[in-house]
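Everything below concerns the one structure shown next.
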Amino acid sequence: MDKKELEFILKEGEGYNLEFKEGRTGIDKDIIAFANSEGGRIFIGINDEGKVLGVPIGNRLKSEIQTISRNCDPSIKIELEQFENILIINVEEGKDKPYKCKDGFFIRIGANSQKMSRDEILDLILTANKKTFDSLINESFSLKEDFDNEKLSNYLEKANLSNSIPTEKILKELGVLDKSLNNAGILFFSKEPQKFFPQSIYTAAVFRDAEGADVIERKEIGGSLVEIIEKVMAFVEFYVKVAYRFTGKPQRENIYEYPREAIREAVINSVMHKDYFETGHNNIIKIFPDKIQIENIWKRPKHFKLGETVFRRNPIIANLFSRIHFGEKIGSGFARIKEYCKKENAPYPKIKFTDSHFYVTFKPNPEYTKMASPQITPQITPQKIITELEQKILNLIIKNPRISRKQISTSLDIGEDTVKEYLERLKQKGILRRIGPDKGGYWEILE
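Numbering of the sequence shown is given in our numbering, commencing with residue 1125 and proceeding in unit increments.
And the structure:
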């Protein structure tokens, strides 16, 4: 430990394998939680905000902490380390789970040590000797050949962390490096994650019919888990429509067909909680004319109850996501989805669980549907229904009315045929018209 490493840890903040304490009060719960999870470190002398307060470190304090660990049931072996006026307790993952202290059984959930319910204790007994997928070391991965420094740099930027300490120390602090990178590290920082885990591909499809027989487009989306989420959402926004209500104010009012932030949260949850041991299935998002459905393959925990059980399939992956504010509060995914739906006056999604799958199905916003439906009587407030892609095309035309189809195609990274189709849609909606010939003419926005 040196000052630069401590600065990184303070900036990183508490997480799945890192706890700050002002003093020794309550450390028995944290020691128990780390032993029942995948190990971690407790820094005594630092408050929750990451401010170093320091503690007087002597034989008495060290002896008290060793006594606390021995009084756990079963006893837990710890190692103590001192850096200046900070005492560090290193706790390894226990081999005799479950462990308890006088206040009960605890486990690590995100950055918290949480008391376990009876059902959670039973589940831990059944799975005590099983490693989570994301914690497994992959011997075929080479740090020299397969590691992507740019992906790590992008991640650190999103997490507002510096790269002032050696890369290997950063990876260890993030919980993804032991002797080699674990599976969580590979899914975030490998040059080609799908080379190791093809099941991490996310399938995105759009259908012309409600039954899913007529496919408009289908994509197999790969990359790091962060890249996958961003690409899936770009795909969704490509097809999800928005109605613009012109109210006479300087800013128009946007009414989206679906609650985009809620869908994003559901996509993050599907990636975070995917059963990566299942190698024959991908996560899937399906866009139908009347709904959007996210389908995830998983094995339902024996005592799982939606909204009550905190799920821990891939805790290291969850911790990495939380540090970049993807699904920030562990265990609150479905509550956050509801919050986003409420914010946009959209209906709550239908959530269905089976023993092997879970489905999250979003229905269109009724206000959008009303605005998009043909009206018998004239509308009091004028409105236009366009997609995100149509809006992007209009933005390019506003900047350059003489822009060509080829230039639009290049700027948006889509085919010229697609550009042609969407320009025609805008003309049919009375939003756009062409003045003059293809060569030498220009576009005029009517609305």
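Here a beta-carbon is modelled for each residue, glycine too, at the ideal position from N, C-alpha and C. Quick caveat, the model's predicted, so the values are computed rather than measured.
Simplified DSSP assignment, three categories, for residue i
i	result
T1485	strand
S1241	coil
V1179	coil
N1524	coil
V1300	coil
T1327	strand
R1107	This structure cannot settle anything about residue 1107, because the visible part of the chain is limited to 1125 through 1571.
F1477	strand
Q1503	Residue confidence is low: Q1503 scores 41 on pLDDT, short of 50, so the model does not pin down where it sits. Its coordinate-derived value is still stated next. Q1503: coil per DSSP, three-state reduction.
Y1566	strand
E1292	helix
S1142	This sequence places Leu at residue 1142; Ser is not what is there. Correct three-state label for L1142: strand.
S1286	coil
N1171	coil
A1358	helix
S1187	helix
Y1472	coil
S1277	helix
Other residues of its chain near residue i: CB distance less than 6 angstroms, five sequence neighbours each side excluded
i	result
E1205	I1212
T1501	For T1501, the pLDDT reaches just 37, beneath the cut-off of 50, and the residue's location in the model is therefore unreliable, leaving the point undetermined.
Y1566	P1525, R1526 and I1559
I1504	Any reading at I1504 needs caution, since the residue's pLDDT is 34, under 50, leaving its predicted position unreliable; the model's value is listed next. Once the five neighbours on either side are set aside, I1504 has no close Cβ partner at all.
K1275	F1313 and S1348
I1352	Y1326 and I1345
T1485	K1415, Q1417, P1473 and K1474
C1465	P1383, A1386 and Y1472
T1511	K1365
E1388	Checking the sequence shown, residue 1388 turns out to be Arg, not Glu. Correct list, in chain order: M1357.
K1239	G1228 and F1230
Residues sharing a beta bridge with residue i, DSSP
i	result
F1401	According to DSSP, F1401 bridges with nothing at all.
V1339	F1331
I1345	Y1326
Element boundaries [alpha helix (DSSP H), containing residue i]
i	result
L1444	P1439 to R1447
N1614	This structure gives no information on residue 1614, because the portion of the chain shown stretches from 1125 to 1571.
N1393	R1384 to M1396
R1460	G1457 to K1467
L1547	E1540 to Q1552
Y1492	P1490 to A1496
I1418	That residue, I1418, is in no alpha helix (DSSP H); its beta strand (DSSP E) goes I1416 to I1421.
E1129	K1127 to E1136
P1317	P1317 to F1320
R1529	R1529 to L1536
Neighbourhood of residue i by C-beta distance below 8 angstroms, restricted to the same chain and skipping five residues each side
i	result
I1151	K1145, I1166, I1168, I1189, I1192 and I1213
A1159	C1196, I1200, V1215, E1216, E1217, G1218, K1221 and Y1223
K1467	P1383 and E1385
D1333	F1412 and P1413
F1132	L1285, S1286, S1288, I1289, K1293, I1294 and E1297
I1522	I1569
L1556	L1518, I1521, L1547, L1550, W1567, E1568, I1569 and L1570
P1317	I1310, L1311, S1324, G1346, G1347, S1348 and L1349
N1171	F1144, E1146 and L1177
N1489	I1379, Y1380, E1381, Y1382, P1383, E1468, N1469, A1470 and P1471
K1186	L1204 and L1211
Terminal residues of the beta strand (DSSP E) in which residue i lies
i	result
G1164	G1164 to I1168
F1450	Counting along the chain, F1450 falls outside any beta strand (DSSP E), and DSSP gives it neither H nor E.
I1411	N1407 to I1411
K1556	Looking at the sequence provided, one finds Leu at residue 1556 rather than Lys. Per DSSP, L1556 belongs to the beta strand (DSSP E) from L1556 to I1559.
Contact set for residue i: own chain, Cβ-Cβ below 7 angstroms, skip 5 residues either direction
i	result
E1129	I1289 and K1293
A1358	none
L1520	I1527, I1532 and S1535
L1260	N1306 and N1307
G1147	I1168 and V1179
Original post:
What are the start and end residues of each continuous alpha helix (DSSP H) run of 4 or more residues lying completely inside the region 1189-1274, in chain order?
Top reply: DSSP runs (the alpha helix (DSSP H)) wholly in the region 1189-1274: 1242-1251 and 1267-1270.
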